[in-house]
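Protein chains in written order, with my numbering: chain A, 1 to 1491; chain B, 1492 to 1951. Report on the following structure.
Following this line, the structure appears as structure tokens:
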């Protein structure tokens, strides 16, 4: 295949951009328990079978055999081991423990001796080593290369030792062994216990029993088996990182890991054990080197072993459900969570967990329910929980109960007592353990704001000095007007358009705020962002002050804390905090102003020393303040001070003793606050922002009431912004975000990182304290000079004295001229403005070498055009004229245009105006089978450069009738796409979506759009393994859409970094040649293209430049609909009179670029683009143009390429990679397609199992190709299935396709369906009440635009999310039903979860609420509810009745029949749910009747 | 949809109001453009969409923060607008009146081609005029004296720009001018109907309030010698303009009733300001103005206002090749100027030493068409072909380098822009760059002031 050595990644870690800390994994998981604790071999066997059934959730390496890892964690098979002991002459006492150990083969003997010697000081008695029997033929080459020696240690226990003591002692011993063998990177102890044993490795599920021969032994019998299989993002995973760990198997990702590790370190010394002299012996408690899952396992273990908590309690504390905003939660239970939240931030992120300690077998989901878990209980009392239903074949008549674990719920089995514990049972145990409510009442105080509090409104700084402060802290008029004032006036952030075209802070010639050197992290592929807009109930900013005692021993005193609702303090709250006078709350004032001559390292040392002294004298709040500015002194930057204090306290073990409170002028926008908190701040008082508001609005004589409101709105705006920063990383609570360090530094020197931001990624190095201080000194000089006016700004819009803009007026006017005239000399002028600009982007630091060849030798422009794509810009953002002209131009060139996420007029599909790239984004606007089959490339937008971690926005005034029609939404109503794709919460979900898309359109290549950030290479590798054909790496400097300003300017990195990382990691994994890599972001000229190619791109995306070719003047008002050039507006006058774009102008542009590409290639002596990909030797570093630039170290970008010299570094695979053919699919096509072509009605039947995924999508695709969107309405086909359907049953379904399923289904039923009918009903043999039994999984009907679903049972979370036309009837739903629905009808004949109808703007729902709980469950901000009995509701009542009739006809549901039988009785329990803006008399007119 | 305020550029037409129609307004010398009323100002301001690439600011020679002060005006924050407007320009009310906006800010305005540019000039004028009316003055209360003294020679736009920046930085500034009033050409060159003299008077008061001292009627090199100034001051700024008329060596220039454009305008202005008892008077005369720059237009229009019988403006080029302000040309035409294009003046002919005609020939491709020559009868000729430098004799003796064209050599580097070979002396405006716009002179003066501050180490 190729010659990349297996250690290519290690090389990259040393010399390139790859960092193993970014490795992530997702997976399939489950557990099987015999509730009566009857061990059996069958249970082990069937667990392995289940694991095999989940194989599509794992991944296989390029060798085709090495899995990413799987494993089993079993309740100790005692009988088996006694039998083994007998055979092998091993002495086992009545109580024994055994452990499996991975040891480097070369170090085996020495390590064993060392372990034995460590045993001598313990009460345990060494018995024997056993070589675990394995068969190396069962693993692949990669796995083989790193195969450790796998040995088993047996020790005997003293007779009287209680289990808990034995386990804790074994834990301590294990920690000591681990510390002693820390030098062996292969060393790992999968389990060492009296209760459990773990078999795991880099093996695929179907081979695990071939590898571990023990598992095949019929005597191997257990009553609990936890199983897991991994889908890791790279292809060289490690043995020790296979799951399960010692207690848990984790499907998910801990987004807050760095913060959790920080806090674990801060608190670890509070642990103690009676079996241990000194806790230091086993520190660190949590291993930061492994994976996030492993760290979580360590933390769970510490709570269980050292804080003596039951397993389920430890996990509930670490991963609590949402409780802050759940009004109706039991008060004692809320007290339990509240009490623990004071000292334990949650380990936040998508999580499904299965675990066991040998007695309890537990499964739980995180608060967002972002992982599926379904369970069945058989009549033999076997409980099976897994990611999917159908992994355990079971006669329907043998099922005693079925269920689904909901968001934040837990299910446990105590095999000792033979009990199954529901969430409620567990909660009841937790809440009664201690008098938490009482403790909180006595010790927790909360600082509340009064209804109106006009105190403290005067500015806390002298109004005469405000200009000095503004200059000292670099506030420009622009920031004051366009950021701070907008927050105060609107209570939310300002929106901007057209991305960020300014240089990175380190490249800038201006003095930029320190915050500008930090880029926010965001969730992408392996974890989802949260929709903080519509799922706000999981979010909380609650913040606590106070010194921590030993929080691991529960006592009243640990409830002592002071709470504020947000870390953004008002004057009065700040005052209240400073007036806390009791022990544990007193504060120390620490001035951040130090003499100008003192180096900042020294100042920071003084600050940290002062903090330490303060803590030692009993102070608990460190007030760091930069307010006392004075001549001759400089304020040390609050972020540096925060970081330095936090890191120092952490390193000396005092961090938990104090809170860092900031009084700072530097915090103005949400990004500033978020950064301070992420690096350790507890709360912030932004005095200068308040002063600016006072100053700004006093001029118009604001009354105190108005001023109060403005300041309050400012805080609201910051809070909303904080929610967004958190949610884009998938984090729910500020406590978990605090100290999480979720930033990449760009342009900071290691000296700064090490002292203040330890562990933060900073790949380019850059400025140190000296420069930072010199810049502050410069600001101070101007600040004290009265004649110096406040700077105007120029960061957000061009200003002559402000920041450089890549699309400045020179560039734009020159490009407009060149594309209009089509004259080379005009393009040359444009080219000069761009290619000779001052260094503004990283690529500008490189030039091309000169070793010219003749131009004729270079490939023709026609060969180059197919590498050009226009970037995704939706119809809606662009006017139809602009969108279409772009498509025509690209098609004429043989390049491609991208539809963007707003759908496309079907009339364009088969014409010159068809967009060859069709985008699938989270809003799923107009994504139908017909849309998808019209594509050559289907692009899944995971993130966009202008606002990664957020969804696209289309303001209401741009949604006219036409746009609304394409998007299946309502005119005039703003469309904000959800931050996550609700069918992609993990990498295996992405693999499933890719599978769905390849099913519907087997000819399309699937592209995934990512945004540059550290770790994007690892994600790209995962995406490649998920079956994608193309990856786009977007940079922050692109972007055309509307976006909040702080998102545009502070999230996402430059594509140069992302592209080179992706290229290098894909090369190292042997995946590069199967995937096409695209660079996108601010590309303007042929030189840009060639540099991108050299850094690794096969293909190139252009957004802004072709828009300018169409007449756009870069006015950045796209979000206002008043684009004066008619490009980005739906206003008819402007479109008709002012749009000047033509396809010719666009083709002019691309012709010029291609010509220039040829010239550049000739200059560097290359005949074609493929030859330059990865050839960084063709670049030469240009001299820096500023002292700051000269500190940049580009070796991280450049050095990683060297090892691939001579290898093929471009995509060689032009055909789509097909992982999606299945036997059943072919069978269906063979049967049905003739009927379709002959216009015949027919019926076929097939059996199904859970591995049959995306059923009938291929058929839908074929029908869409043959018949278009109308499908086969006139001659319907019925497909009758029996069994358990895999994921995405009925995806992309079309009119005339009737799918009937007897049995049940998994996630994503009816996703993206546009027509037809899906009917699901349980097997007649199953005797469970349908309105209490799940029949399908999560996110069903996501993005549906039409059709009908009837399902006799309950669905999971987010049913009908983004439904824009389908009709559905079912008997129960989970949380967030009808989320962001814009049309269609949903009838729920039973219980619903929380947050029903969030963001719903169209359509309607009916809910049968027998328990009268619905009033607490719907989203009051979005929907209204009405009863149906009133006279004027008769039409609705009739509609409801006929829906139920149809439903019963389809499903024969007995519950449905029961309702019909007593309709007027049940009618009084129904609610009509409708969008808040709707009118009852109009709603009915829009209802579609089922066909 | 389009009734929201973001669409005002569509819904509100661009409007620039003149007092009267052309033929009527030549009855007097009052300013031609009507000041905006408050409501008009705010409506016109609302047409600005505050776009992300303010082409107006980009094209403006002093890079006024135009969208920002327009926005402030719109919000009724007039004084802040005035403050901001003064941050980049020392004479905004002057520039608002006489800048050729159609070639600069308004010409570049996003709205210009399709919707009519935002009326930036009138708004600029409105802001400062109105702020002054309401009692606003630049705030100089926080300025600390720095114990440095600078002499500014010439009180034209460059000198005033320079003095403005210096005084705001605590430097003591004396401005020397040979004339009895400040402003240079602003006062004595530009006619009242473009810039009323009260404007300069007001400006003088404002500058005096800010602490600038004016030493008028004092000609350097005559009334006071440069070495004395060099002794007395830490630095000197020269902003003396270019006054030598270009005449193209036309035969007959020495005839009576032949004037240079500037002489003519100065004469009229001085008369109107009562510095002299009479002026060159064209009443009832047939006047020919040669040249078609801004000064030529001023001459045309002045002559019309004086009651000339016929004013003919003769230009070598075609109508579409005018280099000056299109607005001034249109006004001149409106007011009754008779334009003759593609004509080359060959000779001034006279009788009894007095001019009686201009012999002209028609041009085609820069060649005189044979047989096209004719004589246009005149009573008076005004030659307005532009200006050349007028270096003072004392430049060389004080080590101030000049180019072969007579322009002062000054540094163009970023560090000390405007510094001459004599490091204590700085220069800017027309005498460095050659005859140009008022606004560019202001820009130079301000830049030179920044250099002087650096040179004097003020504020370091």
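All C-beta atoms in this analysis are idealised placements derived from N, C-alpha and C, irrespective of residue type, glycine included.
Here's the rule I'm using: 16 or more other beta-carbon atoms within 10 Å means buried, otherwise exposed. How should residue i be labelled?
i	result
residue 1003 of chain A	exposed
residue 841 of chain A	buried
residue 536 of chain A	buried
residue 1835 of chain B	buried
residue 433 of chain A	exposed
residue 331 of chain A	exposed
residue 836 of chain A	exposed
residue 191 of chain A	buried
residue 124 of chain A	buried
residue 3 of chain A	Caution applies to residue 3 of chain A, whose pLDDT of 35 falls short of 50 and renders its modelled position unreliable; the model cannot decide the point.
residue 393 of chain A	exposed
residue 1363 of chain A	buried
Checking the sheet assignment: what are the DSSP bridge partners for residue i?
i	result
residue 1801 of chain B	B:1777
residue 1080 of chain A	A:1034, A:1101
residue 363 of chain A	A:354, A:411
residue 1302 of chain A	A:1282, A:1321
residue 1727 of chain B	B:1642, B:1916
residue 625 of chain A	A:591, A:663
residue 515 of chain A	Residue 515 of chain A pairs with nothing; no bridge assigned.
Can you round the beta-carbon distance between residue i and residue j to whole angstroms, since I take them to be within the 8 angstroms contact cut?
i	j	result
residue 256 of chain A	residue 731 of chain A	6 angstroms
residue 900 of chain A	residue 919 of chain A	6 angstroms
Determine the extent of the beta strand (DSSP E) in which residue i is found, giving its start and end residues.
i	result
residue 129 of chain A	125-131
residue 1600 of chain B	No beta strand (DSSP E) contains residue 1600 of chain B, which DSSP labels as neither H nor E.
residue 497 of chain A	495-497
residue 228 of chain A	224-232
Can you name the residues of chain B whose CB is closer than 9 angstroms to the CB of residue i?
i	result
residue 1124 of chain A	1500, 1501, 1540, 1542, 1601, 1602, 1605, 1606
Which residues in chain C sit within 8 angstroms of residue i, going by Cβ to Cβ distance?
i	result
residue 1120 of chain A	This model lacks chain C altogether; the protein chains it does include are A and B.
Run through chain A and tell me which residues come within less than 8 angstroms of residue i, C-beta to C-beta.
i	result
residue 1885 of chain B	Neighbours of residue 1885 of chain B on chain A: none; closest Cβ ~32 angstroms, over 8 angstroms.
Under 8 angstroms between beta-carbons, which chain B residues line up against residue i? List them in chain order, please.
i	result
residue 1116 of chain A	1542, 1543, 1544
residue 798 of chain A	1543, 1544, 1545, 1548, 1549
residue 432 of chain A	The premise fails here: residue 432 of chain A is roughly 59 angstroms from chain B at the closest Cβ pair, so nothing lies under 8 angstroms.
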